[in-house]
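Have a look at the structure below before the remarks.
2 protein chains.
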Amino acid sequence: MTTRPKTLLAAVLAVAAILAPNLDLNAQTDPLASWNDGSAKKAIIEFVQVTTDRASPKFVAPEARIATFDQDGTLWVEQPVYTQVVYCLERVPAVVKAKPELRNVEPFRTVMSGDREAMAKLSMKDLEKILAATLSGMSVEQFATEVKDWLATARHSRFKRPYTDLVYQPMLEVMQYLRANGYKTYIVTGGGQDFVRVYSEQVYGVPPEHVVGTVGGTRWGYDKTGRPFLTKEPHLLLNDDNAGKPQGIHLMIGRRPNAAFGNSRGDREMLEYTGAGEGARLMMLVLHDDATREYAYGPAQGLPSTKIGVFPQTLYDEARKNGWIVISIKNDWKRIFPFE
Amino acid sequence: MTTRPKTLLAAVLAVAAILAPNLDLNAQTDPLASWNDGSAKKAIIEFVQVTTDRASPKFVAPEARIATFDQDGTLWVEQPVYTQVVYCLERVPAVVKAKPELRNVEPFRTVMSGDREAMAKLSMKDLEKILAATLSGMSVEQFATEVKDWLATARHSRFKRPYTDLVYQPMLEVMQYLRANGYKTYIVTGGGQDFVRVYSEQVYGVPPEHVVGTVGGTRWGYDKTGRPFLTKEPHLLLNDDNAGKPQGIHLMIGRRPNAAFGNSRGDREMLEYTGAGEGARLMMLVLHDDATREYAYGPAQGLPSTKIGVFPQTLYDEARKNGWIVISIKNDWKRIFPFE
Chain A
196 MTTRPKTLLA AVLAVAAILA PNLDLNAQTD PLASWNDGSA KKAIIEFVQV
246 TTDRASPKFV APEARIATFD QDGTLWVEQP VYTQVVYCLE RVPAVVKAKP
296 ELRNVEPFRT VMSGDREAMA KLSMKDLEKI LAATLSGMSV EQFATEVKDW
346 LATARHSRFK RPYTDLVYQP MLEVMQYLRA NGYKTYIVTG GGQDFVRVYS
396 EQVYGVPPEH VVGTVGGTRW GYDKTGRPFL TKEPHLLLND DNAGKPQGIH
446 LMIGRRPNAA FGNSRGDREM LEYTGAGEGA RLMMLVLHDD ATREYAYGPA
496 QGLPSTKIGV FPQTLYDEAR KNGWIVISIK NDWKRIFPFE
Chain B
196 MTTRPKTLLA AVLAVAAILA PNLDLNAQTD PLASWNDGSA KKAIIEFVQV
246 TTDRASPKFV APEARIATFD QDGTLWVEQP VYTQVVYCLE RVPAVVKAKP
296 ELRNVEPFRT VMSGDREAMA KLSMKDLEKI LAATLSGMSV EQFATEVKDW
346 LATARHSRFK RPYTDLVYQP MLEVMQYLRA NGYKTYIVTG GGQDFVRVYS
396 EQVYGVPPEH VVGTVGGTRW GYDKTGRPFL TKEPHLLLND DNAGKPQGIH
446 LMIGRRPNAA FGNSRGDREM LEYTGAGEGA RLMMLVLHDD ATREYAYGPA
496 QGLPSTKIGV FPQTLYDEAR KNGWIVISIK NDWKRIFPFE
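As structure tokens, this is what we get:
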């Protein structure tokens, strides 16, 4: 009985070949159609081939295939300011409406004034107060609703489109290509874990349990009907940036990634951690060098300076030294956004 | 072209039916063979049926199917003392060998004396010192090696077998049955996340990324060759017990489970959190009422008192009130261990 299905399968395939002689069961389209031919595209394809071919000495068992992706600047636009920071600033009116006593308290007064110049001068401490007021104090379900509602109407200042439209088509293709080859694709972001989980499945095909991000604690409690709920608290459990990225990967995944993608100083340790494993490794950094189609910032390679998503020359040099691949948006990406 | 494969499939199935008229493609064996027929077994099967049948109003999309399992006392034996505590105590000689100055310092001196009576009197503060000394200070890889080596030789005091043999066959069947029906099975344990991850895949078929447990921070650093590594730190990020269980589920999974399994006071909030969701829900508690084949402890239902895995009468009453199902080892389990 145990060999019967095999025999049956052989018969079935023979019949299929007779019935459909022109059906190409191996019909292939380019999984990385938005990439120009070049060393970056070639590296991705070679990595997948050597790690999924059972005959390859670099074969990776399907259950161990892990790829991690930074989000801001790697999967979607981070300029001129991180989307989540825009969210927090735009949530301030609702917070002030619920707590009118905040209207004349800084930094809420400045944000309510709408004075962009004054807002640009807010200190990190001011920003932390705004983040705490807009990202904690509500139930986890309420927060998800607030983010979802905002994403439905908010528009990017330059592209005049929903932020979730501003994802990089070539990176979506890499994620899909990796998943089609048995890789689990995780987002490992300095952004808020609960924030990104709201749209990660719909936008990237990444389920909430595959989102690792900066995350705070929660408080357990019961409502008047006795129903339990979790309230988002301001205290930080994990600052998922720099060394926090490999720490978050160990905490949430417990395996070392085989491939990691980033675009800034904050991704350095994640790429180092990924590269320190055995076998085939793929470490890539997106360099934003296309002001016409997206943005140009570094300051690596003489690109303009930025406060958001800094890619310093030292990181560029480390990439060269370690065999990490720098993706040039200008040269490597045929198309940037899905809507193009 | 798009309908061609369907036509082909129909032809192939017709051919298959002719070629193999006696091949029962739906041959079924009982997925819960170690369970006696009764309300517990029935509830598990009904839950799976209503949540996986697309025609059912309680259908759950495959990607949202989550089941969480406590470990100690739910998936494996926790008496007479938690396995991980045995591990920590038995690691003390190696720790003292590496740091001889600890030999005459309490509580290490008492543990080194081997005086079981004195060891039983160690305070919680003493125990914390032992846990810190044996569960932190080493790289995450070194820790995994230490646990693996210990598990290979350690034996349970009563059953004289490796601890990883002392898993409950009926619960393995539930996990396999749920996974075969598209559920992701997570372990949500008060035990150490890094500890359980060492053997979870081999013993339960649960990969490391599906283990949520009590977990401490890590420190990022580089060795002399420049290779980065993470060192286990003593400070706690999550105490995954009681309210910490739903907090850990939100942190690590980000979805509410559809089913949850526990056996003690520490699982109460996880079951409440699971039960507070919509649609079909399955909450189950293992009651250890079989001193002959395993152990008997409560104190619910007049069972003997215990310090390990307390199942109070209040929890039993809450289970009754909420429709949670209490599994009686004595009556519901035909067979307890895989080796029987």
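Protein chains in written order, with this note's numbering: chain A, 196 to 535; chain B, 196 to 535. Glycine included, every Cβ here is placed at the ideal spot set by N, Cα and C.
Residue-level contact by beta carbon holds for G449 of chain B and chain A, with a gap shorter than 8 Å. Apart from sequence neighbours up to five positions away, no residue of its chain approaches Q244 of chain A with a beta-carbon distance below 6 Å. By the Cβ test, the stretch 376-384 of chain B is in contact with the stretch 393-403 of chain B, since at least three Cβ pairs between them sit closer than 8 Å.
Residue contact check for T413 of chain B against chain A: a CB pair falls below 8 Å.
Within chain A, the residues placing a beta-carbon under 8 Å from that of P423 of chain B are P441, E464, E467, Y468 and A471, ordered along the chain. Burial is judged here by how many other beta carbons sit within 10 angstroms of a residue's own beta carbon; H483 of chain A has at least 16 and is buried.
Sequence-ordered contacts of the stretch 381-402 of chain A with chain B read Q388, D389, R392, E396 and P402 [C-beta pairs closer than 8 Å].
Collapsing the DSSP output to three states places A349 of chain B in coil.
Not a single CB atom of chain B sits nearer than 8 Å to the CB of E273 of chain A. Here K502 of chain B is exposed, its C-beta having fewer than 16 other C-beta atoms within 10 Å. Out of B:V300, B:F338, B:E368 and B:V281, the CA that lies nearest to the CA of A315 of chain B is found in B:V281. What A438 of chain B touches in chain A, judged by beta-carbon distance under 7 Å, is W415, going in chain order. Among the residues of the stretch 237-265 of chain B, those with a Cβ less than 7 Å away from any Cβ of chain A are E258, in the order of the chain. Here V410 of chain A is bridged, per DSSP, to A:L433. For a Cβ distance threshold of 9 Å, residue set G449 of chain A lies close to V406 of chain B, ordered along the chain.
In this structure, A:L480 is the residue among A:N526, A:L480, A:L270 and A:M333 with its C-alpha nearest to the C-alpha of F506 of chain A.
Residues of the same chain with a CB within less than 8 Å of the CB of Q371 of chain B, apart from the 5 flanking positions on each side, are P226 and G400 in chain order. About 6 Å separates the beta carbons of T409 of chain B and L433 of chain B, which is inside the 8 Å limit, making them a contact pair.
According to DSSP, S523 of chain B shares a beta bridge with B:L482.
Near chain B, meaning a CB-to-CB distance below 8 Å, the residues of the stretch 318-348 of chain A are V335. Judged by DSSP secondary structure, A454 of chain A falls within the beta strand (DSSP E) whose first and last residues are A454 to G457. Here F254 of chain B has V245, T246, T247 and D248 as same chain residues with Cβ atoms under 8 Å from its own Cβ, once five neighbours each way along the sequence are excluded. At a Cβ-Cβ threshold of 8 Å, E513 of chain A and P423 of chain B do not count as neighbours. DSSP places I240 of chain B inside the alpha helix (DSSP H), whose first and last residues are S234 to T247. Put simply, the CB of L431 of chain B is far from chain A, with every gap to its CB atoms at 8 Å or more.
The shortest CA-to-CA distance from V407 of chain A to any of A:L425, A:V393 and A:K237 is the one to A:V393. For L477 of chain B, there are no neighbours in chain A by C-beta distance under 9 Å, as the nearest C-beta there is about 17 Å away. Under DSSP, T224 of chain A shares a beta bridge with no residue. Using a 10 angstroms sphere on the CB of F534 of chain A, the tally of other CB atoms stays under 16, which defines it as exposed.
One Cα belongs to G518 of chain A, the other to G493 of chain A, and the distance between them is close to 19 Å. Residue environment for K440 of chain B: buried (at least 16 other C-beta atoms within 10 angstroms of its C-beta).
Boundaries cannot be given for T501 of chain A, as no alpha helix (DSSP H) includes it and DSSP labels it neither H nor E. Taking the CA atoms as reference points, G332 of chain A sits about 27 Å from G474 of chain B.
Close to L270 of chain B, with beta-carbon spacing below 9 Å, lies no residue of chain A; the smallest spacing is near 18 Å.
Distance check between W415 of chain B and each of A:K419, A:I261, A:D436 and A:R414 places A:D436 closest, using alpha-carbon atoms only. Short of 7 Å from the beta carbon of L330 of chain A, and not among the five residues preceding or following it, lie these beta carbons of its own chain, in chain order: C283, G387 and K427.
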